[in-house]
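Some notes on the structure that comes next.
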Amino acid sequence: MLVILIILAIGVAFYFLKLNYQYWKKRGIPGPKPNFLVGNMGRSFILKASPGEIFAEAYHKYNESEIVGMYRATTPVLVVRDPDLVKEVTIKSFDHFSENDYEVDKRHDPIFARNPFVLKGEEWRTVRAQLTPGFTSGKMKWLYPYLEKISENLVKFIETQINTNCEVKEICRRFTLNNVATCAFGLEGKCLEEENSEFRQLAKDFFTPPSSFFLMTVSPTLSKALAAGFIKKTIVSKFVDMVTQTLKYREENNIVRNDYLHVVSQLKKNSNNYKFTDIDVTAHAAGFFGEGYETSSILMSFVLFEIAQNPHVQNKLREEINKAFEENGTLPYEVLQSLPYLDGVVNETLRIHPPMFSLQKICTKNFTYTSKNGNQVTIEAGTPIILPVYGLHHDPKYYPDPETFKPERFMGENREKLTKYTFLPFGEGPRICLGKRFGVLQIKVGLAYIIRNFELSVNGRTILPIRYDPINIMTAPVGGLWIDFRKIEI
Numbered sequence: 236m237l238v239i240l241i242i243l244a245i246g247v248a249f250y251f252l253k254l255n256y257q258y259w260k261k262r263g264i265p266g267p268k269p270n271f272l273v274g275n276m277g278r279s280f281i282l283k284a285s286p287g288e289i290f291a292e293a294y295h296k297y298n299e300s301e302i303v304g305m306y307r308a309t310t311p312v313l314v315v316r317d318p319d320l321v322k323e324v325t326i327k328s329f330d331h332f333s334e335n336d337y338e339v340d341k342r343h344d345p346i347f348a349r350n351p352f353v354l355k356g357e358e359w360r361t362v363r364a365q366l367t368p369g370f371t372s373g374k375m376k377w378l379y380p381y382l383e384k385i386s387e388n389l390v391k392f393i394e395t396q397i398n399t400n401c402e403v404k405e406i407c408r409r410f411t412l413n414n415v416a417t418c419a420f421g422l423e424g425k426c427l428e429e430e431n432s433e434f435r436q437l438a439k440d441f442f443t444p445p446s447s448f449f450l451m452t453v454s455p456t457l458s459k460a461l462a463a464g465f466i467k468k469t470i471v472s473k474f475v476d477m478v479t480q481t482l483k484y485r486e487e488n489n490i491v492r493n494d495y496l497h498v499v500s501q502l503k504k505n506s507n508n509y510k511f512t513d514i515d516v517t518a519h520a521a522g523f524f525g526e527g528y529e530t531s532s533i534l535m536s537f538v539l540f541e542i543a544q545n546p547h548v549q550n551k552l553r554e555e556i557n558k559a560f561e562e563n564g565t566l567p568y569e570v571l572q573s574l575p576y577l578d579g580v581v582n583e584t585l586r587i588h589p590p591m592f593s594l595q596k597i598c599t600k601n602f603t604y605t606s607k608n609g610n611q612v613t614i615e616a617g618t619p620i621i622l623p624v625y626g627l628h629h630d631p632k633y634y635p636d637p638e639t640f641k642p643e644r645f646m647g648e649n650r651e652k653l654t655k656y657t658f659l660p661f662g663e664g665p666r667i668c669l670g671k672r673f674g675v676l677q678i679k680v681g682l683a684y685i686i687r688n689f690e691l692s693v694n695g696r697t698i699l700p701i702r703y704d705p706i707n708i709m710t711a712p713v714g715g716l717w718i719d720f721r722k723i724e725i
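All the letters of the sequence shown, read from the start, carry residue numbers 236 to 725 under the working numbering.
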């Protein structure tokens with residue numbers, strides 16, 4: 236009898252799963268055929284491709300469709316190809332798609348679960364409004380002298396590495412980590428000066444393996460059920476202690492430092508309806524830590540790689556930067572922000588190597604729109620929405636010759652001609668990345684000092700063409716990016 240019941244249960248489960256895989260077909264939405272249990276994510280589960288790469292492939296395959304129906308394991312997800320619909324999701328009908336599709340339990344990861352990236356509903360709106368003042372242009376200008384000083388130290392550090400093989404992501408990590416230590420916490424990270432500085436060790440211990448975030452991407456529900464987190468539990472108490480001790484020292488010594496930690500500490504003092512705890516203060520400081528350190532270091536290493544691989548770009552950029560230094564003696568904040576070719580180089584790198592392959596949203600209430608062929612399409616509440624950033628960025632329809640590095644795409648009239656909502660390195664609309672301004676600023680100033688002082692070329696240890704780590708949701712290169720530096724006498 237038991238055997239019969241088991242067989243019957245398996246049969247029923249199989250029937251409903253098979254029925255589930257008819258979801259998009261019944262609605263007339265095209266997409267690749269799913270496989271049992273894994274849906275369209277089979278190559279992700281065997282670590283042959285990241286989910287974002289699979290979504291990008293579908294984006295290019297179904298190039299006549301506005302949307303593509305796919306399955307993330309057993310969950311139907313909708314890939315949005317049309318820029319107008321991207322605008323609808325991120326801005327015009329934001330109230331229908333206001334949440335990111337990630338599930339993190341505060342009991343298991345009290346730090347990352349408070350990050351605006353994963354917060355939902357009214358809590359997200361409140362925290363977002365509270366944190367925004369920490370990233371104004373005025374705040375960036377105030378932090379700029381610190382970034383300049385650390386960039387000078389970066390040049391000195393690279394000088395000591397010239398006769399060694401340089402993996403630039405590690406160099407960029409040291410640089411961005413020093414920036415975060417200073418600009419967020421008012422501390423001397425000494426990450427460029429000391430091999431085993433305390434702040435470097437904290438960073439190494441900070442994140443869980445990429446597999447945790449990979450699981451959040453492939454199956455948010457399963458990751459929550461398995462209590463997956465992004466930040467190691469062992470580091471939470473260390474981080475809380477560092478933040479509280481720093482704030483205690485400042486209060487006892489009447490020190491006011493206009494950095495990010497001061498901004499979030501004031502939120503606790505001034506909070507009324509929203510209870511702001513020590514964990515909240517720590518969580519938002521940690522958010523700055525994670526995003527300003529890891530995401531920026533990946534992007535900066537790709538900028539250096541593209542410059543090293545394209546000597547004509549490198550020479551033109553060096554001319555622009557040298558001219559700025561010669562005309563001003565230094566490189567003032569306003570001058571750095573006005574350099575068009577530098578801006579083009581950073582944006583073109585963001586296009587080719589966006590920090591994340593795709594962005595995951597969720598439909599929070601039923602949404603109906605009219606497709607370009609006149610059909611009414613309803614997206615049901617609870618449907619995950621995929622914005623295929625990598626696919627959009629590499630679509631020849633919007634970016635001719637998409638694999639060629641052309642900073643001029645983002646300069647002058649060319650920039651005005653770009654199709655809107657096809658460039659999404661930091662997202663778009665109310666959910667756009669809060670830290671993008673700081674991230675881009677630190678990359679620009681570090682890059683300016685490097686290009687002024689060194690000539691770059693790609694080392695043979697770099698695996699070409701670039702392949703991305705399938706277990707990392709970010710565009711992390713397999714084997715690293717290796718660059719040779721030659722000192723330029725100024």
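Glycine included, every Cβ here is placed at the ideal spot set by N, Cα and C.
Go to residue i, then tell me how far its alpha helix (DSSP H) extends in each direction, as first and last residue.
{"i": "residue 546", "result": "546 to 563"}
{"i": "residue 721", "result": "First-last for residue 721: 717 to 722, but that is the beta strand (DSSP E), not the alpha helix (DSSP H)."}
{"i": "residue 436", "result": "433 to 441"}
{"i": "residue 585", "result": "575 to 587"}
{"i": "residue 698", "result": "That residue, residue 698, is in no alpha helix (DSSP H); it is neither H nor E in DSSP."}
{"i": "residue 659", "result": "Looking at the DSSP string, residue 659 is not in any alpha helix (DSSP H), and its letter there is neither H nor E."}
{"i": "residue 643", "result": "Taken as a continuous stretch (DSSP letters only), residue 643 belongs to no alpha helix (DSSP H), as it is neither H nor E."}
{"i": "residue 628", "result": "624 to 628"}
{"i": "residue 568", "result": "568 to 572"}
{"i": "residue 260", "result": "258 to 261"}
Residue range of the beta strand (DSSP E) that residue i falls in?
{"i": "residue 692", "result": "689 to 693"}
Could you tell me the alpha carbon to alpha carbon distance between residue i and residue j, rounded to whole angstroms?
{"i": "residue 262", "j": "residue 632", "result": "27 Å"}
{"i": "residue 432", "j": "residue 703", "result": "29 Å"}
{"i": "residue 267", "j": "residue 423", "result": "52 Å"}
{"i": "residue 514", "j": "residue 526", "result": "18 Å"}
{"i": "residue 719", "j": "residue 393", "result": "10 Å"}
{"i": "residue 282", "j": "residue 294", "result": "20 Å"}
{"i": "residue 617", "j": "residue 600", "result": "7 Å"}
{"i": "residue 659", "j": "residue 624", "result": "6 Å"}
{"i": "residue 250", "j": "residue 273", "result": "Low confidence applies to residue 250: its pLDDT is 49, below 50, so where it sits in the model is not reliable, and the reading given next is rough at best. Whole-angstrom Cα-Cα distance: 16 Å."}
{"i": "residue 740", "j": "residue 544", "result": "A query on residue 740 cannot be resolved here, the shown segment of the chain reaching from 236 to 725 and no further."}
{"i": "residue 441", "j": "residue 346", "result": "11 Å"}
{"i": "residue 285", "j": "residue 713", "result": "13 Å"}
{"i": "residue 619", "j": "residue 430", "result": "43 Å"}
{"i": "residue 726", "j": "residue 425", "result": "Here the chain covers residues 236 to 725 and nothing more, so residue 726 does not appear."}
{"i": "residue 326", "j": "residue 319", "result": "10 Å"}
{"i": "residue 504", "j": "residue 538", "result": "40 Å"}
{"i": "residue 324", "j": "residue 675", "result": "25 Å"}
{"i": "residue 338", "j": "residue 690", "result": "45 Å"}
{"i": "residue 629", "j": "residue 711", "result": "17 Å"}
{"i": "residue 557", "j": "residue 723", "result": "12 Å"}
{"i": "residue 492", "j": "residue 499", "result": "12 Å"}
{"i": "residue 605", "j": "residue 301", "result": "11 Å"}
{"i": "residue 298", "j": "residue 292", "result": "10 Å"}
{"i": "residue 657", "j": "residue 627", "result": "6 Å"}
{"i": "residue 278", "j": "residue 696", "result": "27 Å"}
{"i": "residue 353", "j": "residue 701", "result": "30 Å"}
{"i": "residue 649", "j": "residue 550", "result": "21 Å"}
{"i": "residue 653", "j": "residue 646", "result": "10 Å"}
{"i": "residue 553", "j": "residue 687", "result": "6 Å"}
{"i": "residue 356", "j": "residue 336", "result": "12 Å"}
{"i": "residue 530", "j": "residue 590", "result": "7 Å"}
Which residues does DSSP pair with residue i in a beta bridge?
{"i": "residue 306", "result": "311"}
{"i": "residue 602", "result": "614"}
{"i": "residue 745", "result": "In the structure as shown, the chain starts at 236 and stops at 725, and residue 745 therefore has no counterpart that could be examined."}
{"i": "residue 201", "result": "In the structure displayed, the chain extends from 236 to 725; residue 201 sits before or after that span and is not available."}
{"i": "residue 369", "result": "None, per the DSSP bridge assignment."}
{"i": "residue 407", "result": "None, per the DSSP bridge assignment."}
{"i": "residue 274", "result": "270, 307"}
{"i": "residue 591", "result": "709"}
{"i": "residue 418", "result": "In the DSSP output, where bridge partners are listed per residue, residue 418 has none listed."}
{"i": "residue 401", "result": "718"}
Contact defined as beta carbons within less than 8 Å: I believe residue i pairs with residue j. What is the distance between those atoms, to the nearest angstrom?
{"i": "residue 303", "j": "residue 314", "result": "4 Å"}
{"i": "residue 481", "j": "residue 421", "result": "7 Å"}
{"i": "residue 386", "j": "residue 681", "result": "5 Å"}
{"i": "residue 408", "j": "residue 427", "result": "In fact, because the Cβ distance is near 10 Å, the residues do not count as touching under 8 Å."}
{"i": "residue 494", "j": "residue 416", "result": "Not a contact, Cβ separation roughly 10 Å."}
{"i": "residue 583", "j": "residue 642", "result": "5 Å"}
{"i": "residue 351", "j": "residue 363", "result": "5 Å"}
*Unbroken stretches of the beta strand (DSSP E), 3 residues or longer, contained in the region 282 to 357*: 302 to 307, 310 to 315
Report task. Return the chain-ordered ranges of every alpha helix (DSSP H) run that is complete within the region 481 to 516 and spans a minimum of 4 residues. Result -> 495 to 505
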